[in-house]
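Chains W and P are the protein sequences, given in the same order.
Going from the first sequence to our numbering is simple: count from 1 and add 59.
Going from the second sequence to our numbering is simple: count from 1 and add 59.
Backbone N, C-alpha and C fix where the C-beta goes; we use that ideal spot for every residue, glycine too.
Given the structure is predicted, the values throughout are model-derived calculations rather than measurements.
There are 2 protein chains.
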Amino acid sequence: MSEIKRKRGRPTSIDTHSATEAMVELFRAKGYAAVSLDDLSDVTGLSRPSLYRSFGNKLSMYINAMDAFGVQVAKTAVPKLLADGPLEEALSDFFDAMLDIYYRDSEVTPGCLVFGTAPSSSDEALVQARLKFGIDQVDALMRGRFEKASPNGDEHVIETAMHIASNTLIAFSARAKSGSSRHQLSRMGAQSAQAISTLLS
Amino acid sequence: MSEIKRKRGRPTSIDTHSATEAMVELFRAKGYAAVSLDDLSDVTGLSRPSLYRSFGNKLSMYINAMDAFGVQVAKTAVPKLLADGPLEEALSDFFDAMLDIYYRDSEVTPGCLVFGTAPSSSDEALVQARLKFGIDQVDALMRGRFEKASPNGDEHVIETAMHIASNTLIAFSARAKSGSSRHQLSRMGAQSAQAISTLLS
DNA sequence: GCAATTTCGTACCGTTTCGTACATTTTTAA
DNA sequence: TTAAAAATGTACGAAACGGTACGAAATTGC
Chain W
60 MSEIKRKRGR
70 PTSIDTHSAT
80 EAMVELFRAK
90 GYAAVSLDDL
100 SDVTGLSRPS
110 LYRSFGNKLS
120 MYINAMDAFG
130 VQVAKTAVPK
140 LLADGPLEEA
150 LSDFFDAMLD
160 IYYRDSEVTP
170 GCLVFGTAPS
180 SSDEALVQAR
190 LKFGIDQVDA
200 LMRGRFEKAS
210 PNGDEHVIET
220 AMHIASNTLI
230 AFSARAKSGS
240 SRHQLSRMGA
250 QSAQAISTLL
260 S
Chain P
60 MSEIKRKRGR
70 PTSIDTHSAT
80 EAMVELFRAK
90 GYAAVSLDDL
100 SDVTGLSRPS
110 LYRSFGNKLS
120 MYINAMDAFG
130 VQVAKTAVPK
140 LLADGPLEEA
150 LSDFFDAMLD
160 IYYRDSEVTP
170 GCLVFGTAPS
180 SSDEALVQAR
190 LKFGIDQVDA
200 LMRGRFEKAS
210 PNGDEHVIET
220 AMHIASNTLI
230 AFSARAKSGS
240 SRHQLSRMGA
250 QSAQAISTLL
260 S
């Protein structure tokens with residue numbers, strides 16, 4: 060591939076990826092408006108001017124965090140849903156994988172960056188667009204998986220199943236933040252998966 | 060009853076109820092952290108010191124708004140769910156009544172104050188408590204209604220139906236904020252009501 | 001070594017924030 | 001009419017905010 064073209068001046072010492080990760084964790088714990096640039100500077104270890112140089116202003120840091128969060132979901136959870144095998148198991152595994160993300164380490168429950176924090180910052184067009192994209196993606200993913208599992212299924216039934224599945228996931232975030240245990244939500248996901256499975260059969 | 064005991068000094072000219080209403084609208088449009096006391100002063104027409112005297116600090120204004128919002132829901136939407144008649148119709152009417160609240164006037168879509176804005180402010184214990192209370196209330200309400208409609212129903216099935224119904228409502232808020240039309244969500248609510256109705260029969 | 005180039009953090013700016021002290025206004029009691 | 005009592009808004013203070021100018025530091029090309 061292309062060699063690393065050493066640039067002329069002082070080389071960067073900034074790890075953009077780990078900084079983004081830290082910002083994701085902070086934003087989904089406290090939301091957008093409650094996070095200050097000093098907070099972001101603290102958790103990333105980067106000075107405020109460095110943050111501006113690397114990520115632009117606060118809003119674009121948040122957008123960047125949302126996109127990174129989406130990539131994480133796409134990499135770790137979505138494959139569980141698309142896996143071969145019984146639909147009920149795939150759905151249940153997907154829900155559990157999402158709970159792995161929502162609960163992170165046990166200490167605190169950050170929930171979902173998109174479904175949890177974007178709704179209260181949706182006056183910004185870019186944020187609202189990400190929220191819409193997230194919801195649309197989940198809906199489309201569910202619909203595709205259900206159509207695969209039930210090729211001749213009634214379109215109306217598939218749409219109902221799609222909404223039940225997506226709404227379960229969306230509600231996870233609020234429920235996790237409200238204090239529900241991981242185990243409770245895992246159970247809820249399994250129930251939802253079972254109901255959808257029988258609905259489609 | 061007791062006569063109005065005219066107090067000694069200058070009488071209040073503050074309408075607490077209409078001020079609370081204005082604060083509800085502002086908070087659910089912009090969330091907690093993004094709202095300043097000057098914003099609250101603007102929408103209520105009250106000076107900042109008056110706000111402090113009447114409602115305490117910003118957090119207690121938000122708590123007060125959440126409680127008032129809960130009362131509004133209990134008065135206007137909950138009776139639809141508890142009404143006699145077919146379960147499917149009661150559920151569907153309840154969802155529509157909640158959408159009346161979530162969409163308010165057509166211009167902007169404020170969504171749900173509790174499910175929409177509380178999750179991103181839940182590091183405050185009082186807020187998290189309200190969020191938990193809201194979710195628990197909806198769950199309990201649904202369970203009670205379903206047990207009434209299906210007295211000998213399997214407990215496991217009732218719990219599943221309860222979660223589908225509650226999650227539909229919780230997801231309404233995020234979906235409304237993401238740009239879904241009222242009509243789309245009304246359709247979704249009707250689908251959900253139908254699925255639950257057949258699940259319980 | 002020396003100049004050109006790029007990155008980095010200190011230090012600063014103007015604005016906005018929450019919260020309150022205090023003088024003014026309005027009312028009742030005597 | 002005058003004093004006490006309660007409510008109200010102006011005006012202020014201290015802190016936090018987002019954002020940036022600018023000099024110091026680090027590297028490459030010559």
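The alpha carbon of Asp74(W) has as its nearest neighbour, out of Leu96(W), Val102(W) and Asp98(W), the alpha carbon of Val102(W).
Spanning the alpha carbons of Ser100(W) and Leu85(W) requires a straight line of approximately 11 angstroms. With fewer than 16 other beta carbons inside 10 angstroms of its own, Pro138(W) counts as exposed. Of all residues in the stretch 199 to 221 of chain W, those with a C-beta nearer than 9 angstroms to a C-beta of chain P are His215, Val216, Glu218, Thr219 and Ala220, reading in chain order. With 16 or more other Cβ atoms inside 10 Å of its own Cβ, Asp152(W) counts as buried.
Taken atom to atom, the span from the alpha-carbon of Leu141(W) to that of Val216(W) is near 20 angstroms. Of the candidates Arg67(W), His242(W), Ile255(W) and Thr257(W), His242(W) places its Cα closest to the Cα of Asp155(W).
By the 16-neighbour rule on beta-carbons within 10 angstroms, Ala124(W) is buried. For Asn226(P), the chain W residues whose C-beta falls within less than 7 angstroms of its own C-beta are Asn226, Thr227 and Ala230, listed in chain order. Chain order gives no chain P residues near Phe153(W), where near means a beta carbon separation below 8 angstroms; the closest approach is about 15 angstroms. Counting only the Cα atoms, Phe114(P) lies some 14 angstroms from Thr71(P).
Gly90(P) places its beta carbon 9 angstroms or farther from that of Gly193(P). DSSP places Pro108(W) inside the alpha helix (DSSP H), whose first and last residues are Arg107 to Phe114. Listed along chain P is no residue with a C-beta nearer than 9 angstroms to that of Gly129(W); the closest approach is about 14 angstroms. For Lys117(W), no Cβ of chain P is located within less than 9 angstroms of the residue's own Cβ. Under a 10 Å Cβ-count criterion, Glu166(P) is classified as exposed, with fewer than 16 other Cβ atoms of the shown protein chains found around its own Cβ. Ser209(W) is the residue among Ala81(W), Met201(W) and Ser209(W) whose C-alpha sits nearest the C-alpha of Thr257(W).
Taking the Cβ atoms as the reference, Met157(P) lies roughly 30 angstroms from Leu96(P), outside the contact range of under 8 angstroms. Of all residues in the stretch 168 to 191 of chain W, only Gly170, Phe174, Gly175, Thr176, Ala177, Pro178, Ser179, Ser180, Ser181, Asp182, Gln187, Leu190 and Lys191 come within less than 8 angstroms of chain P when Cβ atoms are compared, listed by chain position.
For Gly144(W), the closest Cβ of chain P is not nearer than 9 angstroms. Between the stretch 238 to 254 of chain W and the stretch 237 to 253 of chain P there are fewer than three C-beta pairs closer than 8 angstroms, too few to call the two in contact. Annotation: Cβ neighbours of Arg234(W) in chain P (cutoff 7 angstroms, chain order): Ile194. When Cβ-Cβ separations below 9 angstroms define contact, Leu99(W) makes no contact with chain P.
By alpha-carbon distance to Ser109(P), the top candidate from Val132(P), Lys134(P), Asp126(P) and Ala78(P) is Ala78(P). With a cutoff of 9 angstroms on beta-carbon distance, Leu146(W) and Leu259(W) are scored as near each other. Contact annotation, Ser232(W) with Gly170(W): C-beta distance approximately 4 angstroms; criterion of less than 8 angstroms satisfied. Taking a contact as a CB-CB distance under 8 angstroms, the pair Lys236(W) and Leu190(P) counts as one, their CB atoms being some 7 angstroms apart. One thing to note: Asp182(W) has its Cβ no nearer than 9 angstroms to the Cβ of Ala81(P). In the assembly as shown, Thr135(P) is an exposed residue. Its beta-carbon has fewer than 16 other beta-carbons within 10 Å. The beta carbon of Ser256(P) does not come within 9 angstroms of any beta carbon belonging to chain W, so the residue lies off that interface.
Exposed is the label assigned to Ala133(P), since fewer than 16 other Cβ atoms lie within 10 Å of its Cβ. Fully enclosed beta strand (DSSP E) runs of no fewer than 3 residues are not present anywhere in the stretch 140 to 200 of chain W.
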